[in-house]
Structures are given as C-alpha cells and as structure tokens.
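Report on the following structure.
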C-alpha cells in the first residue's frame with residue numbers, strides 16, 4: 001500500500017478505558033522498598049533467632065517491584081499500549097511485516113507465547129520514500145516514518161492496590177476490577193484503520209481478553225485486561241478492517257489455563 005500523509009485527513013481523539021479482569025496485574029517500574037513500622041515483642045525476637053524470620057504480619061522492611069507510576073499516580077504507559085497494539089497486529093495479520101524474531105530467534109521468548117501466537121518470520125520492509133509497505137508500518141510508523149496513532153498514559157481511576165508475593169518476590173499490583181482511563185489520537189484514518197486498533201485491543205472479538213504485564217503467559221490469574229472505547233460502533237469498524245484484509249487475519253484464543 002502507498003504511504004498515507006502524516007498530517008492531513010481525518011483526525012480524531014478517542015477515549016480508551018481498560019479494566020483488569022484477572023486477580024492481579026503488574027506493570028513494573030523497578031525495585032523499591034516498603035517500610036512498615038511495627039512493634040516487635042520479646043517473643044518475636046525469640047522467633048527470629050529460632051527460625052531466622054519474623055512471625056507473619058511483622059515486617060521491618062522489604063523489597064518489592066513497584067507498579068509503573070508518574071506524578072499522576074499509577075499508570076499504564078502509552079508506549080506499552082501502543083506496543084501491544086503493534087505486536088498483535090504484526091503477529092495476527094499475515095500481510096504485515098514482522099521482523100522481531102530476526103535472523104537468530106531470541107532464546108528468551110516464552111514457550112507459551114510461541115505456542116499461543118505461532119510467530120513466523122516475514123520479509124522486513126524499510127521505508128524508502130514512496131515505496132509500498134505493510135499497513136501496520138503505515139499506521140503505527142517505523143524507524144523512518146512517523147506513526148499516525150498516539151496513546152496517552154492510562155491513569156488509575158478506581159480499584160484496589162495490593163502487595164502480592166509470587167515466585168518468592170513481592171509485587172505491587174492492581175486487583176481485579178481496577179480501571180484505567182486515557183485516550184488515543186489517530187490521524188488521516190479510514191474505517192479499516194480504526195478497526196485495526198479495535199481488533200488489536202480485543203474490542204468486539206470473542207471474550208475480549210488481552211494479555212499484559214508480569215506472569216501473563218504462565219499464570220491466568222495475572223495479566224488479563226479488557227479494553228473499551230465508549231460510544232463507538234465496534235462492529236462497523238471491525239467489519240471494515242476484516243474486509244480490507246480478508247483471508248489474512250488469524251484468530252487465536254488467549255491462555256486460559258496454566259501451562
């Protein structure tokens with residue numbers, strides 16, 4: 001396809017909402033320390049000397065993995081959402097280019113990821129002036145071409161925050177039912193372009209569940225979210241996208257059981 005103008009055409013901003021549907025969600029920003037003052041009795045000291053640890057519920061301090069945060073509070077970075085959209089489109093639409101596996105496939109790729117998405121190497125397209133390229137690069141951009149879609153951070157609106165221990169490490173998590181809100185802007189787009197965004201976000205498709213964050217491939221009680229765009233006829237735009245790429249779209253089922 002020919003490259004679309006980056007500046008002209010129809011431009012619109014859409015509200016984007018995300019709800020956590022698994023027990024826990026963690027998007028990491030690094031390590032921190034949790035300080036908790038606690039009165040330690042003589043019996044607690046005796047237990048420490050005897051067992052090497054304090055009784056349950058007594059903590060002087062401990063290290064944990066913080067959830068991503070800005071001055072606005074807990075957030076899902078816009079870059080994380082955009083990366084999710086791009087990677088899902090490149091994996092699920094075979095007329096898109098996908099070079100993430102490169103010449104030497106990464107040894108750190110999850111086996112569950114591979115069994116779920118069954119990624120295949122595709123020709124790598126570089127942007128060279130008016131040369132034709134895949135629709136994902138035209139929509140999402142590449143190293144030589146600006147994106148026509150931009151996402152804001154999704155900020156924490158409501159829900160519960162917790163510290164959860166998994167695999168001998170402690171994580172700051174948002175719990176089931178928590179909600180984040182933000183927006184995205186799409187430029188010089190048609191119905192199929194917007195449908196591609198909806199398709200990648202799982203909106204109007206099956207159970208709508210999308211995987212995100214820590215332990216998403218190994219434990220179904222972590223990393224499951226659902227996106228929604230208020231007041232948008234998802235069926236209309238999904239149909240336009242599927243019609244535009246008929247015969248090239250693969251359907252998958254998200255991981256529903258531990259592997």
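Residue numbers (the UniProt record's numbering): 1 to 259. Backbone N, C-alpha and C define an ideal beta-carbon position, used for all residues, glycine too. Predicted model, so just to flag it, every value in this text is computed and none were measured.
Would you list the residues sitting across from residue 20 in a DSSP beta bridge? 225
Considering only their Cβ atoms, is the gap separating residue 152 from residue 178 smaller than 8 angstroms? no
Three-way DSSP call (helix, strand, coil) for residue 25 in this model: strand
Segment contact flag, the stretch 230 to 243 with the stretch 198 to 214, C-beta cutoff 8 angstroms, min 3 pairs: yes
Coil, strand or helix - residue 189 by DSSP: coil
Does the distance from the CB of residue 210 to the CB of residue 202 come in under 8 angstroms? yes
The ligand MG and residue 196: does the residue's C-beta get closer than 7 angstroms to at least one heavy atom of that ligand? With respect to the ligand MG, the structure offers nothing, as it holds no ligand at all.
Using C-beta distances below 7 angstroms, list every residue in its chain close to residue 169, excluding the 5 sequence neighbours before and after it, in chain order. 65
In whole angstroms, give me the CA-to-CA distance for residue 231 and residue 190. 17 angstroms
Nearest-angstrom Cα distance between residue 92 and residue 249? 6 angstroms
Which term fits residue 59, buried or exposed, when burial requires 16 or more other beta carbons within 10 angstroms of its beta carbon? Here residue 59 scores only 49 on pLDDT, less than 50, and its place in the model is too uncertain to base an answer on.
Can you tell me whether residue 143 is buried or exposed? The criterion is at least 16 other CB atoms within 10 Å of its CB, across all chains shown. exposed
What is the DSSP secondary structure of residue 202, counted as helix, strand or coil? coil
Own chain partners of residue 72 with C-beta closer than 6 angstroms, once the 5 adjacent residues on each side are dropped: 155
Quick one: what's got a C-beta closer than 7 angstroms to residue 77's C-beta in the same chain, skipping five residues either side? 68 and 153
To which residues of the same chain is residue 163 closer than 8 angstroms at the C-beta, ignoring the five residues directly before and after it? 34, 64, 170, 171, 172 and 173
Own chain, CB closer than 6 angstroms to residue 15, minus 5 neighbours either side, in chain order: 183 and 230
With DSSP as the reference, label residue 244 as helix, strand or coil. helix
Sequence-distant residues of its chain with Cβ nearer than 8 angstroms to residue 37 (five each side left out): Residue confidence for residue 37 is low, a pLDDT of 42 falling below 50, so the modelled location carries little weight and cannot support an answer.
Would residue 4 and residue 188 be called neighbours here (beta carbons separated by less than 8 angstroms)? yes
Using the Cβ count rule (16 or more neighbours within 10 Å means buried), how would you classify residue 233? exposed
Rounded Cβ spacing between residue 215 and residue 166 (contact assumed at less than 8 angstroms): 7 angstroms
What would DSSP say about residue 148, mapped onto helix, strand or coil? coil
Span of the beta strand (DSSP E) holding residue 158? 154 to 158
What do you get for residue 221, buried or exposed, if any count of 16 or more other CB atoms within 10 angstroms of its CB means buried? exposed
DSSP beta-bridge partners of residue 86: Paired residue(s): none; residue 86 is not in a bridge.
Run through DSSP, which three-state label would residue 180 get? strand
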